[in-house]
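Novice:
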Amino acid sequence: MKQAEIMGILNITPDSFFADSRKQTEREIAERTNQIILEGGTMIDVGAFSTRPGAAQVSEAEEMRRMRYGLEIVRREQPDAILSIDTFRPSVARMAVEEYGATIINDVSEGGVTGVVDTPLESDGGDIPEIFREVARLGVRYVLMSVQPTFELTVSHFLHKIKMLHSLGHHDIILDPGYGFGKDVIAGNYSLLSRQQELKDIFRLPLLVGVSRKRMIRQLIGGSPADALNGTTAVHVLALERGADILRVHDVRAAVEAVKIVGETITKTIIKNKNKNNNKRP
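Sequential numbering from 231 applies to the sequence shown in this note's numbering.
1) Nearest by alpha-carbon distance to Pro455: which of Tyr372, Leu301, Lys444 and Ile335 is it?
2) Taking the beta carbon of Thr263 as the centre, do at least 16 other beta carbons fall within 10 Å, making it buried, or is it exposed?
3) Express the C-alpha separation of Ile335 and Val370 in angstroms, rounding to a whole number.
4) Does the stretch 373-392 come close enough to the stretch 416-431 that 3 or more CB-CB pairs lie under 8 Å?
5) Identify which residue in Leu383, Ala323 and Arg257 has its Cα closest to the Cα of Ile361.
6) Flag Gln449 as yes when its Cβ comes closer than 6 Å to any non-hydrogen atom of the ligand GTP, and as no otherwise.
7) If you follow the beta strand (DSSP E) that Tyr372 is part of, which residue opens it and which one closes it?
8) Give the secondary structure of Leu398 by DSSP, where H, G and I count as helix, E and B as strand, and everything else as coil.
9) Who are the Cβ neighbours of Asp414 in its own chain at under 8 Å, not counting the five residues just before and after it?
10) Ends of the alpha helix (DSSP H) at Asp431?
11) What is the rounded straight-line gap between the Cα of Val479 and the Cα of Arg257?
12) Let me check understanding here. Comparing Cα to Cα, which of Asp406, Arg425 and Leu405 lies closest to Glu382?
13) Of all the beta strand (DSSP E) runs that stay within the bounds of the stretch 241-322, which reach a length of 3 or more residues?
14) Report back the beta-carbon spacing between Ala278 and Thr243 to the nearest angstrom; my notes put them in contact at under 8 Å.
15) Rounded to whole angstroms, what's the CA-CA distance from Leu240 to Ile259? Just pull it up for me.
16) Looking at the structure shown, is Glu494 part of a helix, part of a strand, or coil, going by DSSP?
17) Please say whether Ala484 and Leu477 have beta carbons closer to each other than 7 Å?
18) Please report how far the alpha carbon of Asn460 lies from the alpha carbon of Gly452, in whole angstroms.
19) Per DSSP, Val385 is paired with what?
20) What do you reckon, are the CB atoms on Ile183 and Met273 nearer than 7 Å?
21) Output needed for Thr463: all residues of its chain with C-beta closer than 7 Å, excluding positions within five of it in sequence on either side, in chain order.
Encoded structure:
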């Protein structure tokens with residue numbers, strides 16, 4: 231059984247919700263880049279535009295400047311790392327792929343519906359979003375995130391958006407349920423988590439889970455993002471048991487350990503059940 235991969239977060243932003251994740255200087259970016267890989271991460275997710283509620287808008291030129299600055303350092307430190315680019319802008323995605331060899335575009339806007347400081351980017355009137363056209367042209371993996379409030383709407387919108395991507399000949403899709411985006415705590419986030427395996431069963435696509443230190447955890451246990459590691463690990467375990475293939479995290483080492491323990495437990499269970507079934511045969 232293949233174990234889940236860890237995507238380490240690298241925020242080249244001054245205002246991401248978790249203060250310790252903000253990396254601005256050359257030294258900070260280099261140290262974080264190397265930390266992700268040394269602690270067992272297999273992907274680095276680079277973001278230059280904070281999507282936390284209430285975050286300031288960032289111009290396309292500024293996002294591009296930040297991203298180039300960060301990617302130069304990342305590529306110098308870890309030239310062979312798998313790069314994921316956290317952006318909703320086609321121009322930024324294109325630059326990162328063509329100039330720095332990024333192979334994943336992680337779009338929190340569900341193709342432009344919302345999710346970026348709660349501001350719709352374009353009409354969802356049926357026309358194919360430009361970011362879909364760009365990732366299809368570039369031929370890179372695309373993380374399609376849901377900003378829908380319920381499981382049923384998440385499934386409906388995934389079906390609609392996947393159909394759009396397939397119409398462009400693009401099939402390399404990762405689904406992100408969108409924990410923390412457009413959902414309330416219980417009826418949204420945790421209800422969706424309880425049914426996450428159903429998403430895997432319906433779509434048969436890789437699932438990315440991004441819950442690290444988010445408000446959905448803090449609203450249950452209290453405290454600030456700095457206090458939310460234990461809660462994050464608990465949710466990671468639940469997500470892994472329900473089919474998560476990639477965890478997008480701040481705390482790489484803790485996530486790697488969770489993956490190893492859950493993976494070992496699931497493997498032992500599969501072997502035990504297989505042996506039990508074999509013993510029942512006449």
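Here a beta-carbon is modelled for each residue, glycine too, at the ideal position from N, C-alpha and C.
Being a predicted model, the structure only gives us computed values, none of them experimental.
Specialist: Walking through what the data contain:
1) Within the sequence shown, residue 455 is the residue found at index 225, counting from 1. Of Tyr372, Leu301, Lys444 and Ile335, the residue nearest in Cα terms is Lys444.
2) Here residue 263 refers to the residue found at position 33 when the sequence shown is read from its first residue. Around the Cβ of Thr263, a 10 Å sphere holds 16 or more other Cβ atoms; the residue is buried.
3) Position 140 of the sequence shown holds residue 370. Position 105 of the sequence shown holds residue 335. In a straight line, the C-alpha of Val370 is about 7 Å away from that of Ile335.
4) yes
5) As a position in the sequence shown, residue 361 is number 131, starting the count at 1. Taking only the C-alpha atoms, the option nearest Ile361 is Ala323.
6) For the structure depicted, the ligand GTP is absent and the ligand set is empty, with no information on it obtainable.
7) What you label residue 372 is simply residue 142 of the sequence shown in a count that begins at 1. Tyr372 -> beta strand (DSSP E) spans Arg371 to Met375.
8) As a working note, residue 398 is residue 168 in the sequence shown. Under the three-state reduction of DSSP output, Leu398 falls in the coil class, being neither helix nor strand.
9) Locating residue 414 in the sequence shown gives position 184, counting from the first residue. Excluding positions up to five away in sequence, the list reads Pro379.
10) For the purposes of this step, residue 431 is taken as residue 201 along the sequence shown, with counting starting at 1. Here the alpha helix (DSSP H) through Asp431 covers Gln426 to Phe433.
11) To locate residue 479, count along the sequence shown from 1; it is residue 249. To locate residue 257, count along the sequence shown from 1; it is residue 27. Val479 and Arg257: Cα-Cα distance of roughly 21 Å.
12) The count along the sequence shown starts at 1 and reaches residue 382 at position 152. The option with the nearest alpha carbon to Glu382 is Arg425.
13) 273-277 and 312-316
14) Along the sequence shown, one-based indexing puts residue 278 at 48. Along the sequence shown, one-based indexing puts residue 243 at 13. That belief holds up - the Cβ atoms of Ala278 and Thr243 are roughly 6 Å apart, short of 8 Å.
15) Within the sequence shown, residue 240 is the residue found at index 10, counting from 1. Within the sequence shown, residue 259 is the residue found at index 29, counting from 1. Each residue's Cα considered, the two are about 8 Å apart.
16) In the sequence shown, the residue the question calls residue 494 occupies position 264. Residue state, collapsed to three classes: helix.
17) To locate residue 477, count along the sequence shown from 1; it is residue 247. To locate residue 484, count along the sequence shown from 1; it is residue 254. For Leu477 and Ala484, no; Cβs fall outside 7 Å.
18) Taking the first residue of the sequence shown as position 1, residue 460 is located at position 230. Taking the first residue of the sequence shown as position 1, residue 452 is located at position 222. Rounded to whole angstroms, the separation of the alpha carbons of Gly452 and Asn460 is 12 Å.
19) Translated into the one-based positions of the sequence shown, residue 385 becomes position 155. Note: Val385 sits in no beta bridge, so no partner.
20) Since the first residue of the chain shown is 231 and the last is 512, residue 183 is not available in this structure.
21) Here the question's residue 463 lines up with position 233 in the sequence shown. Cβ within range, chain order: Ala484 and Ala488.
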